[in-house]
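Just so we're aligned: 95 in the numbering used here is position 90 of the sequence shown, and the numbers increase by one with no gaps anywhere.
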Amino acid sequence: MAVERLQKILSGAGVTSRRKAEQLIVEGRVTVNGAIVSELGSRADIDTDHIKVDGKLLHRPKSIICIAMNKPTGYVTTVSDPEGRPTVMDLVRGVKERVYPVGRLDYASEGLLLLTNDGDLANAVTASATHMAKTYLVKVNGTLTGDQEEAFRHGLPVEGRMTRAAGIKLIRRADNPWYEIRLFEGRTNQIRMMFRHLGLLVEKLKRVRIGTLSLGALRPGEFRYLDSEEMDKLKRSVAKPVVKQHERDR
């Protein structure tokens, strides 16, 4: 018997991430052998117990998969959307295993997004303690001063707390220049809020790299399956403590 925490079972079955699985449990949407289980830390065995989410029986996935997608703008990074907007799940029809998006890209952003049923991989990519680097190309409506770039690198006060050290590099000079940004945390709309704090607005935002994995030649809306070596590299690419990391991006 493989008795595991319910949130781990849900993420391993491709329902959602562990963090969101905890929310499903607390909301009373998970049953084990017919009884609602709403206490975090509860355990079960997917092979011997009848575990249901919103009335749907869970099964152990036949295979562990991870998908790299080039998310287009105009799609929500969720399994379902109460407002009825298109979600990234509309783009992965035909995938035999049940997967869920890892982390998020907001509605107006595009670029590299992972979808998986591998809870350990999802945890490695999204856990704040891992500080996995994520790289973005960002077009804004003006050019930062040298002092502003330094402030961006060292951290800015966003929603009452400082952001972590970040990388920033001007890669295309223009009236509306492009910057390469490297983040080691994943706060909601963080890049947009950082530029807004410095008086600029983000016009386009595209994620091009997560840890060891790059977007490559995928066109918007396309996806591909990662091989086992790529998945293992992602799990291992947990960054060291971010000490003077920003200095690499001067």
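Virtual Cβ for every residue (Gly too), placed ideally from N, Cα, C. In this text the structure is predicted, and so the values were computed from the model without any measurement.
Considering only residues of the stretch 83 to 113, which uninterrupted beta strand (DSSP E) runs meet the minimum length of 3 residues and lie entirely inside it, listed in chain order?
105 to 107
Please report the Cβ distance between residue 35 and residue 11, rounded to the nearest whole angstrom; I am assuming they are in contact, meaning their Cβ atoms lie under 8 angstroms.
6 angstroms
Check whether the Cβ atoms of residue 17 and residue 124 sit closer than 7 angstroms, and answer yes or no.
yes
Once DSSP output is grouped into helix, strand and coil, what is the label at residue 116?
strand
Nearest to residue 37 by alpha carbon, out of 48, 31 and 28?
48
For the stretch 209 to 218 against the stretch 151 to 158, do three or more pairs of beta-carbon atoms, one drawn from each stretch, fall closer than 8 angstroms, so that the two count as touching?
no
Let me see if you follow: with CB-CB separation under 7 angstroms, is residue 110 close to chain C or not?
No chain C appears in this structure, which consists of one protein chain only.
Would you kindly work out how many angstroms separate the C-alpha atoms of residue 65 and residue 51, rounded to a whole number?
7 angstroms
Run through DSSP, which three-state label would residue 25 get?
helix
Burial state of residue 75, where buried means 16 or more other Cβ atoms lie within 10 Å
buried
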